[in-house]
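**Student:**
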Amino acid sequence: MEPCVDGTLWMILTLIMTPLLNCNNFCPDICQCRSSGHIACSGHDAKDVLQQLTVHTYTLLLDKANMKILSERSLADKDLLLRFGLINSHLHTIHPLAFHAAPQLKSIKLTDNDLSTLPARVFSPLTVVEEIYLDGNQLEIIGPDMFEGLDGLLTLDLSRNKIRNLPSDIFHGLTNLIILNLGRNNIKKLPPTMFHSLTKLQMLRIYYNELEVLEAGIFDQLVNLKVLNLHHNQIKSLPPQVFWSLENLTDLTLSSNHLKDVPHKSFYNMPKLKKLTIYSNPLSSLPDDLMGHMPNITQFYLYDTKLPTVPGNLFANMSGLLELNLHLNDKLRYLPPDLFCCLPNLRKLSLRNNTLQDLHPNLFHTLTTLDILLLNDNKLKTLPEKIFQNLTLLVTINLKNNNLNTLPGDIFLSNTALKALSLSGNPWNCNCAIRGIAKWIRQNEHVVLDKDDVICHSPLYNLLRSLQSLPDDEFNFCDEKGKTSFFLTETNTYKHTQTPQYSSVTPTKKSTTLANTIVSSQSDEAPTVSHIFHDILVVEQGPAYVHHNIHNGWVYVWFLPSVSALVGSIMFCYILLLAMGLMLILGAIYGMYRLSTVMDKLKAECAHEEEHAVLSGLVHT
Ligand SMILES: *[C@@H]1O[C@H](CO)[C@@H](O)[C@H](O)[C@H]1NC(C)=O
Ligand SMILES: *[C@@H]1O[C@H](CO)[C@@H](O)[C@H](O)[C@H]1NC(C)=O
Ligand SMILES: *[C@@H]1O[C@H](CO)[C@@H](O)[C@H](O)[C@H]1NC(C)=O
Ligand SMILES: *[C@@H]1O[C@H](CO)[C@@H](O)[C@H](O)[C@H]1NC(C)=O
Ligand SMILES: *[C@@H]1O[C@H](CO)[C@@H](O)[C@H](O)[C@H]1NC(C)=O
């Protein structure tokens, strides 16, 4: 049964059915009555309805009735009433014999009242009762024999109370119980044999309590359990094999506890598991053999831990995963190469907000069905060239906010479905190595969502230019990288060319009449003297300016940034000047404006004085 259903089931049922008065035509204004004998009433006067009820009412739900006491006679003469609810009504006292009058009741709902104690054995007359809801009260203590003999009980809800301790045999005898909710209480400890009779239990909720330990063997008899919620407690450790009897388990929540580690094989023998949460625990390591076969698990979250890494086979038995969220782990630096080996169905992988620095080249190779890959907010410095190979269905890659300087030019070559790539927030270094990826961005600009913010952080002359704005021919000088540092050809003037023909040129040594000295750009040694004059000097790192001192016979070489970069800085100065000019103009306009207002004021004052003078003149005459 779904959790949201059990609480409001009958309210919904009673509201949906065809509104028809029952045969006595009894239906007070504040109620909704159904032909099937359901009556739901709301409001202050609802408690009076209890007295006027006809014999044909099977279900009665009173809401906000302000009925503080359920007396010995409250339920008298209602032989056909099967389901009774009194909710939101400030009920604080139940007479010890209140239910003696209605032993046929199958369901009692006393949700959201002010009950702080219950009389001993108050429910004992209800031998056929199936549901008892006591959630949302102030109960602290529940007597050991409170539910004794209620072996037909299917649902017991004690959540949202103030229970600290429960007697160890309180649930003994509830052999048919299917749902037990103890969530949102102050339970610190549960006796190890507490649940041993509950062999039919399918749902056990103990979330939002103060449990510090789980006793070994506490769940051993719960062979039919499907849902076990233990999240938001203070559990520090798990006994080995504590969940091993739970072969029918589909949901296990252990998130937000104080677990530092988890014993070996803790999650073995859960072949039907669909949901497992262990996030928000201060985990510092996980064992190599943690997850047994759980082919039907589709989502797994592992975040907010202190794990520096995870075992390489952690997900090997989770072949059904569609979504894996291994993110927000502020110590997670390293992922083993085979970590994602066995996830043939994975659609979304989130590794964001970890502190990953390097990724193994084959890390993602088997994730051929991947659709979304989030790597943002890590410390990635570089990525291997083939890392995204095979990911042909990938639509989204987020690489924002890393330490990437550059990327291989063909890194996204096989990602033919790519539609949303984010690259901003990285310190891109726009030297030769950026050429390939800059070109790819230009050719695929519709794919790069934040292309205007993908910006060079270095070298200085390219600062703040966006990668997509770097024209390819600015990188032409890079082609020559690794060849001789400079070489000479014979002409009489220095010519700077944007696209020099470097390829097959080798230093030529035709003699000329002038003897000169050439300063090598590479060696710190004393200049080598050559008796050949070469006046074209082509230097490895791009355009250079050459100054020839005829008298001393020295050639000086200055290395300057590429012409376009120069254009960039000139452009910057230009914009700066323009901005200053604009500010001056605005300043001048403002000055003029101030001047004119002062003038106006003066004029007005003069006029006033004149007027005054005229008036006083008039008075005098
Ligand atoms: C629980 O599992 C056992 C076998 O492991 C099976 O016989 C039983 O029917 C299951 N119960 C439910 C409720 O699925
Ligand atoms: C996994 O789920 C499928 C379909 O929901 C079901 O047929 C199969 O029996 C489940 N496997 C296990 C081991 O529970
Ligand atoms: C997968 O689960 C099986 C048992 O269910 C176990 O024998 C095996 O060691 C597990 N594999 C890993 C990698 O944990
Ligand atoms: C992820 O990391 C970034 C940068 O470190 C941070 O600004 C952001 O708030 C983080 N996100 C979350 C949900 O913590
Ligand atoms: C993925 O790429 C590797 C080589 O990089 C290749 O050996 C492998 O067969 C490809 N396909 C899959 C499904 O791993």
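According to mature numbering (1 follows the signal peptide of the UniProt record, and there is no 0), the residues represented by the sequence shown are -23 to -1, 1 to 598, in order. Think of the CB as a built atom: it goes at the ideal place given N, C-alpha and C, for glycine as much as any other residue.
#1: Would the beta-carbon of N290 be found less than 7 Å away from any heavy atom of ligand 3?
#2: Considering only heavy atoms of ligand 3, does any lie closer than 7 Å to the CB of G269?
#3: Check H589 in the structure and name its three-state DSSP category.
#4: Can you list, in chain order, the residues of its chain with a C-beta nearer than 6 Å to that of N210? Leave out the 5 residues immediately preceding and following it.
#5: Among the residues of its own chain, which have a CB less than 6 Å from the CB of N330, if the five just before and after it don't count?
#6: Once the 5 residues before and after L384 are set aside, which same chain residues still bring their CB inside 7 Å of it?
#7: Under the rule that 16 or more other beta-carbon atoms within 10 Å means buried, what is residue 602, buried or exposed?
#8: Where T286 and L260 are concerned, what is the direct C-alpha to C-alpha distance, given to the nearest angstrom?
#9: List the whole-angstrom C-beta distance separating L207 from S243, where the pair is believed to meet the contact cut-off of C-beta under 8 Å.
#10: Ligand 4: which residues have Cβ under 5 Å from any of its heavy atoms, chain order?
#11: Within 10 Å of its beta-carbon, does Y184 have 16 or more other beta-carbons around it, so buried, or fewer, so exposed?
#12: Report, in whole angstroms, the separation of the C-beta atoms of R182 and G160, which I expect to be a contact under 8 Å.
#13: Quick one: is the Cβ of P338 within less than 7 Å of any heavy atom of ligand 7?
#14: When the Cα of T373 is compared with those of N380, I156, S327, which residue comes out closest?
#15: Could you give the distance in angstroms between the alpha-carbon of E108 and the alpha-carbon of Y35?
#16: Assuming C18 contacts L39 (C-beta within less than 8 Å), just tell me the rounded distance between them.
#17: Return the residue from the list L178, P216, G194, C318 that minimises the CA-CA distance to L202.
#18: Using C-beta distances below 6 Å, list every residue in its chain close to S257, excluding the 5 sequence neighbours before and after it, in chain order.
#19: How close, in whole Å, do the beta carbons of L47 and L68 come, if the pair is a contact with beta carbons under 8 Å?
#20: Excluding sequence positions up to five away, which residues of its chain have a Cβ less than 8 Å from the Cβ of D387?
#21: Would you tell me roughly how many angstroms separate the C-alpha atoms of H77 and E49, rounded to the nearest one?
#22: Residues with a Cβ closer than 5 Å to any heavy atom of ligand 2, in chain order?
#23: Taking L127 and V106 to be in contact with their CB atoms under 8 Å, please state how far apart those CB atoms are, rounded to whole angstroms.
#24: Going by C-alpha to C-alpha distance, which of L223, V431, V239, C409 sits closest to L175?
#25: Is L370 closer than 8 Å to A394 when the C-beta atoms are compared?
#26: In terms of alpha-carbon separation, which member of D89, D91, L57, T94 lies closest to A79?
#27: Confirm the yes/no value for this check: CB of D315, any heavy atom of ligand 3, distance under 7 Å.
#28: For N225, is the beta carbon positioned less than 7 Å from some heavy atom of ligand 3?
#29: Would DSSP call T275 helix, strand or coil?
#30: Go ahead and pull the three-state DSSP assignment for L561.
#31: Would you mind sorting A581 into buried or exposed? The rule is 16 or more other CB atoms within 10 Å of its CB.
#32: Please classify S573 as buried or exposed, where buried requires at least 16 neighbouring CB atoms within 10 angstroms.
#33: Could you name the residues of the same chain whose beta carbon sits closer than 7 Å to that of T170, not counting the 5 residues immediately before and after it, in chain order?
#34: Given that a residue counts as buried once 16 or more other Cβ atoms are within 10 Å of its Cβ, and exposed if not, what is V575?
#35: Roughly how many angstroms lie between the CA atoms of L344 and K251, to the nearest whole one?
#36: Determine, for N322, whether the minimum Cβ-Cβ distance to residues of chain E falls below 8 Å.
**Tutor:** Checking against the coordinates, here is how it stands:
#1: yes
#2: For ligand 3, a non-hydrogen atom lies closer than 7 Å to the CB of G269.
#3: When DSSP states are grouped into helix, strand and coil, H589 belongs to the helix group.
#4: N186, L188, N234
#5: H304, L305, D354
#6: The beta carbon of L384 sits closer than 7 Å to those of L360, I414, all from its chain and outside the five residues before and after it, given in chain order.
#7: Missing from the structure shown is residue 602; the chain here goes from -23 to 598 and no further.
#8: 11 Å
#9: 12 Å between Cβ atoms; not a contact.
#10: N330, D354
#11: Residue environment for Y184: buried (at least 16 other C-beta atoms within 10 angstroms of its C-beta).
#12: Correct: roughly 4 Å between the Cβ atoms.
#13: With respect to small molecules bound, the structure shown includes ligand 1, ligand 2, ligand 3, ligand 4 and ligand 5 and not ligand 7.
#14: S327
#15: 15 Å
#16: 5 Å
#17: L178
#18: S232, S233, D281
#19: 6 Å
#20: Scanning its chain for C-beta atoms nearer than 8 Å, with the 5 sequence neighbours on each side dropped, one finds around D387 the residues E362, G413, W417, in chain order.
#21: 8 Å
#22: P248, K249, N273
#23: 6 Å
#24: L223
#25: yes
#26: L57
#27: no
#28: no
#29: coil
#30: helix
#31: exposed
#32: With fewer than 16 Cβ atoms within 10 Å of its Cβ, S573 is classed as exposed.
#33: Counting only Cβ-Cβ distances below 7 Å, and skipping sequence neighbours, we find S145.
#34: exposed
#35: 21 Å
#36: Of the protein chains in this structure there is only one, and it is not chain E.
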